[in-house]
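So the numbering used here is basically just the index in the sequence shown, starting at one, shifted up by 10. Don't be surprised by glycine CBs; every beta carbon is placed ideally from N, CA and C. Comments concern the structure below.
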Amino acid sequence: MNIKQRIDYLRKILHEHNHTYYVLDSPTISDFEFDKLMEELIVLEDSFPNYFDINSPTQRVGGGVLDSFKSVKHKYRMLSLGNTYSSSDLRDFDKRLNKLSDQYFEYVCELKYDGVSISLTYENGELIQALTRGDGEKGDDITDNVRTIKSIPLKLKGDFPDYFEIRGEIFLPLKGFELINKERVENGHEPYANPRNTASGSLKLLDPKEVAKRKLDCYLYYLLGDNLPTNSHYDNLQEARLWGFKIPKEIIKCQNIDQVLAYINNWDKKRHDLPFEIDGIVIKVNDLDLQSEMGFTAKSPRWAISYKFQSEQALTVLNKITYQVGRTGAVTPVANLEPIKLAGTIVKRASLHNADQIARLDVREGDKVFIEKGGEIIPKVLAVDFNSRDLFSHPTIYITHCPACSTALVRNKGDAKHYCPNSITCPPQIKGKFEHFISRKAMNIDSIGGETIDLLVKEGLIIDVSDLYTLTHQDLLSFKKNGEKWADNIIKGVKLSTSVPFERVLFALGIRYVGETVSKVLVQAFDTIEKLANAKFEELIAVEEIGEKIANSVLLYFSIKSNLQLIAQLKNFGLQFSSNRSLLISRKLFGVKIVVSGVFVKYSREELKGIIEDHGGKCVTSISKNITFVLSGKNMGPSKKKKAEELGIPFITEDQLLEKIN
Ligand code: IVH
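Encoded structure:
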């Protein structure tokens with residue numbers, strides 16, 4: 011290997027390690043090994059300056075100081091989004107778009123990152139420019155600063171277009187924000203107000219070396235260019251992930267506005283557990299042709315809109331911090347407040363989310379706190395009014411044991427919350443499991459209420475959910491005088507629930523991360539509980555929308571003997587553990603993996619993918635040796651074509667595919 015080859019090799023593997031560390035979050039070498047390779051590259055580049063490359067991994071530490079930023083015209087205008095604040099606003103948006111389009115279309119929902127928008131240009135797989143939004147027409151060239159952000163690839167991999175722009179949001183994760191503020195306070199400076207302004211201020215620094223010290227991160231959410239891989243916004247982003255970009259995992263496709271609203275509600279509740287701040291949800295039309303048909307108004311696209319989470323604030327006294335245990339054992343600290351009116355209701359309690367949040371706010375009993383209410387969720391504590399803090403107050407020490415059953419709490423790596431591991435006898439967990447099981451979207455046993463659950467658990471009549479199915483009139487009548495009707499209803503309701511379909515039974519089991527939607531997805535892929543229980547990790551994550559976190563949780567659930575026993579019992583009582591709907595039109599393409607590329611005559615690309623899946627086939631986006639064939643239309647991407655030819659993968663036409671399935 012000569013010097014140039016060694017330099018190229020080091021650059022390549024250091025780019026690769028940057029990607030595994032900062033984008034995938036799963037480093038494959040130690041920091042020490044990384045530093046050694048980097049040192050070797052620095053020495054070689056210093057000794058052979060003729061091989062200088064501005065996109066070398068060594069350049070991420072930041073180069074020379076600038077006088078000012080150059081103002082550059084955007085190739086495509088950088089617009090903002092229209093805002094909505096309520097579900098009725100969103101339904102109006104949906105109605106508007108449906109009037110514009112005579113065909114059915116999908117939405118894509120994404121989180122709305124609260125940071126600074128950025129437009130990156132790549133030519134031949136190299137970052138050549140990074141512009142801020144500016145006034146939308148012209149932005150500041152902050153390429154030198156952006157190069158220091160480790161999750162932004164300087165060189166791409168895979169099958170990318172020769173020239174394109176990708177837009178996203180640079181933000182400061184909460185941990186990085188705390189670190190900067192801690193340092194500022196230690197050095198006698200005022201802390202910064204919030205992560206967004208700190209990120210924006212950081213990018214305006216004229217010394218890239220200073221920017222490199224801030225732990226900025228970047229999510230990308232919008233591709234622009236003439237040769238994008240597909241016609242679908244969602245699929246394009248999945249492709250861009252393969253090129254090395256950090257594409258948010260939280261992005262989903264929605265078939266209608268109700269699914270959009272469900273996504274919003276879900277994130278409204280969960281947003282405080284994220285390691286960064288979001289201020290809403292962005293909703294986009296998935297189909298790019300339809301996007302261009304719908305077009306833009308003067309300020310924003312017609313095909314996209316943002317939903318802003320609501321907020322209203324007040325100041326009150328925090329009397330006491332207590333801790334709540336949920337059905338999964340998750341512990342949530344709660345601020346018990348001096349009652350105060352906020353957004354039309356009297357607020358007595360607010361969530362403190364988790365231990366990190368308490369530490370971040372440095373919130374203590376007796377403090378005056380700012381609280382905020384957003385949408386339907388319970389309010390949260392925003393900040394402490396330090397000016398009115400009692401001199402003798404004590405820092406809050408987080409609990410180490412379950413407040414309900416005294417078991418030592420655990421906190422797993424990557425989890426924001428502490429958990430009580432005693433799922434068998436911890437009272438709030440038992441009660442929570444019953445309440446979840448009987449809830450409307452699960453087994454829908456509405457003849458039983460919370461009080462009845464309390465009573466039956468207390469009397470030892472029900473210990474696990476299968477006990478509901480052995481309840482008799484006699485059992486129940488001993489608790490209530492003249493309770494015939496009451497007992498009748500309960501028994502009837504329980505019996506009726508045996509016809510609830512498999513996907514809701516699966517949801518009712520309360521497997522962690524297996525909510526309503528995930529249950530449906532799992533049942534589509536595995537139509538019996540046996541298939542699901544025996545599925546391997548690889549089979550689970552092969553299902554679209556199922557990631558590692560869900561897969562591991564499913565595996566864990568079915569590895570526990572008592573869970574299997576519970577399922578066997580429920581099955582005995584006649585609950586549905588298989589889906590009798592025929593989901594596929596045929597299995598003619600079963601086991602077949604297809605890449606669909608190019609433009610077609612009879613059907614659109616998306617329709618063809620649907621057809622393939624209806625017949626049991628699987629559509630994948632990138633060419634590899636595992637592909638069965640390529641369904642190629644007009645203008646198929648040249649690099650994809652070349653790769654498929656090299657690997658000897660057969661090509662078929664639209665007509666040939668239709669013939670295969672009749
Ligand atoms: S799409 C033409 N997607 O919100 C549409 N923007 O209020 C371009 N933002 O300027 C924007 N998260 O800085 C889009 N997932 C997301 C976003 C997002 C945050 C920001 C972006 C934009 C602003 C609009």
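Kindly indicate the opening and closing residues of the alpha helix (DSSP H) around residue i.
i	result
threonine 38	Here threonine 38 belongs to no alpha helix (DSSP H), and DSSP marks it neither H nor E.
lysine 14	13-28
glutamate 616	615-624
tyrosine 273	267-280
serine 572	571-582
valine 528	526-535
threonine 208	205-213
isoleucine 257	Looking at the DSSP string, isoleucine 257 is not in any alpha helix (DSSP H), and its letter there is neither H nor E.
When you measure from the CB of residue i to every non-hydrogen atom of the ligand IVH, does any distance come out below 7 Å?
i	result
valine 292	yes
alanine 314	yes
proline 183	no
tyrosine 123	yes
arginine 143	yes
glutamate 179	yes
proline 285	no
tyrosine 317	no
serine 242	no
leucine 89	yes
serine 81	no
glutamate 685	There is no way to answer for residue 685, as the model of the chain reaches only from 11 to 672.
serine 127	yes
tyrosine 333	no
asparagine 311	Strictly speaking, residue 311 in this sequence is proline, with asparagine absent from that position. At least one heavy atom of the ligand IVH is nearer than 7 Å to the Cβ of proline 311, so yes.
tyrosine 567	no
tyrosine 7	The chain is shown from 11 up to 672; residue 7 falls before or after that span and cannot be answered.
If you follow the beta strand (DSSP E) that residue i is part of, which residue opens it and which one closes it?
i	result
alanine 140	136-142
aspartate 289	288-295
aspartate 390	The sequence shown places lysine at residue 390, not aspartate. That run of the beta strand (DSSP E) goes 390-394.
alanine 314	314-318
phenylalanine 380	378-383
proline 343	341-352
serine 81	81-83
tyrosine 61	Note, tyrosine 61: premise wrong, no beta strand (DSSP E); not H, not E.
leucine 121	117-123
valine 606	603-607
Would you call the CB atoms of residue i and residue j closer than 8 Å?
i	j	result
serine 563	glycine 608	no
lysine 185	glycine 72	no
leucine 362	alanine 393	no
leucine 300	valine 379	no
tyrosine 123	phenylalanine 255	no
leucine 51	arginine 21	yes
isoleucine 64	leucine 130	no
serine 316	valine 295	no
glutamate 555	valine 531	yes
glycine 125	arginine 194	no
histidine 625	serine 596	yes
valine 611	glycine 627	no
valine 335	alanine 414	yes
Helix, strand or coil for residue i, going by three-state DSSP, please let me know.
i	result
asparagine 155	helix
arginine 421	coil
alanine 426	coil
valine 510	coil
phenylalanine 306	strand
alanine 360	strand
serine 457	coil
isoleucine 671	coil
arginine 374	coil
lysine 653	helix
glutamate 386	Here the model assigns glutamate 386 a pLDDT of 39, short of 50, so the residue's position is not dependable, and the following value carries that caveat. In the structure shown, glutamate 386 sits in coil (DSSP, three-state: anything other than H, G, I, E or B).
leucine 466	helix
glutamine 113	coil
lysine 225	coil
phenylalanine 174	strand
alanine 324	strand
Please report whether the beta-carbon of residue i lies at a distance below 8 Å from any beta-carbon of chain D.
i	result
lysine 225	Judged by its chain identifiers, the structure shown contains no chain D, having just a single protein chain.
Is any heavy atom in the ligand GDP found nearer than 7 Å to the beta carbon of residue i?
i	result
leucine 657	This structure does not include the ligand GDP; its bound ligands are the ligand IVH.
Does the pairing of the segment 413-433 with the segment 494-506 give three or more beta-carbon distances under 8 Å? no
Contact between the segment 108-119 and the segment 132-143 is defined here as three or more beta-carbon pairs at a separation below 8 Å; is this criterion met? no
Can at least three beta-carbon pairs, one atom from the segment 501-511 and one from the segment 448-458, be found at a separation below 8 Å? The segment 501-511 and the segment 448-458 touch, with no fewer than 3 CB-CB distances between them shorter than 8 Å.
Should the segment 248-267 be regarded as contacting the segment 221-233, the criterion being three or more beta carbon pairs within less than 8 Å? yes
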